[in-house]
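The structure appears below as structure tokens.
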Amino acid sequence: MISLEAIKERLEGQFGSRLLDRADFRDEVTYAVAPGDWMEVLSFCRDDPQMAFDQLDCLVGDHLPERAAAPFQVVAHLVSHTHGQRLRIKTALAEDPTLPTVTNLWPSAGFDEREAWEMLGIAFEGHPDLRRLLTTEDFEGYPLRKDFPLRGTIGGRIRTELKGKI
Amino acid sequence: MGITGSALVNPFDRGIQATGEDSLGGPVRLPGGFAMPVQIERILGFGRSFSFWPLLFGLACCAIEMMALGGSRFDMSRFGMEAMRASPRQADGMIVAGWCSTKMAPRVVRLYEQIPDPKWVLAMGSCAISGNIWDTYGVVQGVDSLIPVDVYVPGCPPRPEALWQGLEMIRDRIKQSRHAYDGLRRIPARDALTGGTGEA
């Protein structure tokens with residue numbers, strides 16, 4: 025078992041100023057990284073024996089239109105069963121966001137990345153199966169973006185061409 | 144003309160909107176020229192009303208109240224409704240319990256079409272009736288835009304007693320051989336599927 029302080033030390037010693045921001049809240053810690061460092065930081069978190077974050081708890085996307093330069097962000101919530109610790113890594117993305125997939129690190133990222141792509145339009149490069157998950161396959165638009173209309177059946181429709189589909 | 148597209152005439156589908164007991168007058172014509180007396184139809188309806196088997200089908204939180212009605216406290220098996228069939232081929236109707244998403248909509252239509260005639264549909268809860276507060280991209284604004292609905296039970300969710308009353312209304316309709324598809328003949332989704340001809 026390694027304390028959260030040691031994990032912070034280890035990560036900051038490894039990446040230094042490439043960790044753009046750190047937020048401590050209620051004994052949990054969140055780091056911000058650049059999109060270019062996303063893959064490297066997450067690989068290190070999983071593979072380094074002092075980190076050993078073996079589970080991707082969830083991977084979520086956000087739309088923050090008040091941040092004009094980087095309105096999107098993706099947050100990876102990591103759990104280490106070896107050390108009993110949690111860690112969040114987040115990255116800010118500009119319009120037309122793309123990010124490398126982490127399905128090769130944690131296969132469970134597949135569903136989370138599909139949902140983030142479907143709901144927010146964040147494309148994950150290299151994802152093996154980037155299909156719509158919750159909406160119909162001909163749905164247009166990204167419903168969890170803040171500029172998506174709150175009311176009305178916009179973007180989707182009831183599919184009636186049933187034969188062979190279900 | 145049955146929903147199944149079979150050549151057999153559905154003896155209960157006479158193309159009129161039944162309005163009450165009086166509309167039951169006259170024999171029902173069966174294939175081959177056989178006329179079934181209306182008394183037999185009433186006896187059949189009386190029997191059916193005591194063994195209405197709904198489809199085991201819950202969409203959302205209303206299904207919890209539906210389960211409560213099936214449980215021992217409210218006990219809908221008193222009325223021969225406890226056998227909720229997992230296969231639509233064995234069911235007499237469906238209780239649409241909960242909100243229906245646009246992704247679920249074709250499945251709901253398909254399950255409805257798989258239930259053999261005669262069949263009755265109960266829309267349970269505000270979401271199934273109108274979409275409730277979810278006037279959004281993902282929710283069908285009332286399942287009656289998909290399938291003909293016999294009885295609407297409002298509530299969010301309705302109490303089991305309310306669903307019970309709705310099922311009693313279904314039983315009345317069974318006894319009177321009244322169906323939501325009487326006089327409708329077509330359902331919107333099927334028309335969209337077949338281009339309005341009504342034939343699959």
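Going line by line, the protein sequences match chains A and B.
Counted from 1, the first sequence has number 92 at position 68 by my numbering; the numbering is strictly sequential.
Counted from 1, the second sequence has number 249 at position 106 by my numbering; the numbering is strictly sequential.
The beta-carbon is built from N, C-alpha and C at its ideal position, and this holds for glycine as well.
This one's a predicted model, so the numbers in the text were calculated from it and none came from an experiment.
Please report the distance separating the alpha-carbon of residue i from that of residue j.
i: F39/A; j: S132/A; result: 26 angstroms
i: S320/B; j: P261/B; result: 9 angstroms
i: S288/B; j: E64/A; result: 51 angstroms
i: P89/A; j: D120/A; result: 13 angstroms
i: G134/A; j: D78/A; result: 16 angstroms
i: L198/B; j: D293/B; result: 15 angstroms
i: D45/A; j: W141/A; result: 25 angstroms
i: L174/A; j: G37/A; result: 45 angstroms
i: D194/A; j: A147/A; result: Here chain A has residues from 25 to 190 only, and residue 194/A is not among them.
i: D278/B; j: G176/A; result: 6 angstroms
i: E161/A; j: H101/A; result: 28 angstroms
i: G201/A; j: F217/B; result: Shown here, chain A extends from 25 to 190; a query on residue 201/A therefore has no answer.
i: T115/A; j: P124/A; result: 12 angstroms
i: T171/A; j: L144/A; result: Here the sequence assigns Asp to residue 171/A, which means Thr is not the residue at that position. D171/A and L144/A: Cα-Cα distance of roughly 11 angstroms.
i: P167/A; j: D72/A; result: 37 angstroms
Are the beta-carbon atoms belonging to residue i and residue j less than 8 angstroms from one another?
i: E208/B; j: R302/B; result: yes
i: L66/A; j: V126/A; result: yes
i: C205/B; j: A229/B; result: no
i: F200/B; j: I238/B; result: yes
i: I272/B; j: G285/B; result: yes
i: A93/A; j: A118/A; result: yes
i: R110/A; j: V99/A; result: no
i: M219/B; j: W196/B; result: no
i: F13/A; j: D81/A; result: Residue 13/A is absent from the structure shown; chain A starts at 25 and stops at 190.
i: G236/B; j: W263/B; result: yes
i: H107/A; j: A76/A; result: yes
i: V296/B; j: L265/B; result: yes
i: L83/A; j: D48/A; result: no
i: D61/A; j: R34/A; result: no
i: A203/B; j: C270/B; result: yes
i: P318/B; j: F222/B; result: Here residue 318/B turns out to be Lys, not Pro, going by the sequence shown. No, these two residues do not count as a Cβ contact at 8 angstroms.
i: P291/B; j: G268/B; result: no
i: S244/B; j: G281/B; result: yes
Quick check on DSSP: helix, strand or coil for residue i?
i: S166/B; result: Confidence in S166/B is poor, its pLDDT being 43 and thus under 50, which makes the residue's placement too unreliable to answer from.
i: R156/A; result: coil
i: L174/A; result: coil
i: T147/B; result: Any reading at T147/B needs caution, since the residue's pLDDT is 41, under 50, leaving its predicted position unreliable; the model's value is listed next. In the structure shown, T147/B sits in coil (DSSP, three-state: anything other than H, G, I, E or B).
i: R112/A; result: strand
i: P197/B; result: strand
i: G214/B; result: coil
i: Q284/B; result: coil
i: P249/B; result: helix
i: P59/A; result: helix
i: E304/B; result: helix
i: G236/B; result: strand
i: A203/B; result: coil
i: W263/B; result: strand
i: D81/A; result: strand
i: V126/A; result: coil
i: R50/A; result: coil
i: S104/A; result: strand
i: L28/A; result: helix
i: D45/A; result: strand
i: F96/A; result: strand
i: F135/A; result: helix
Show which residues of chain A have a CB atom less than 7 angstroms away from the CB atom of residue i.
i: K262/B; result: Result: empty, since nearest Cβ-Cβ is about 18 angstroms, beyond 7 angstroms.
Please list the partners that residue i has in chain B, where partner means a Cβ-to-Cβ separation under 9 angstroms.
i: L17/A; result: Absent from the structure is residue 17/A, since the part of chain A shown begins at 25 and ends at 190.
Does any C-beta atom of chain C lie closer than 8 angstroms to the C-beta of residue i?
i: I313/B; result: Of the chains in the structure shown, none is chain C; the protein chains are A and B.
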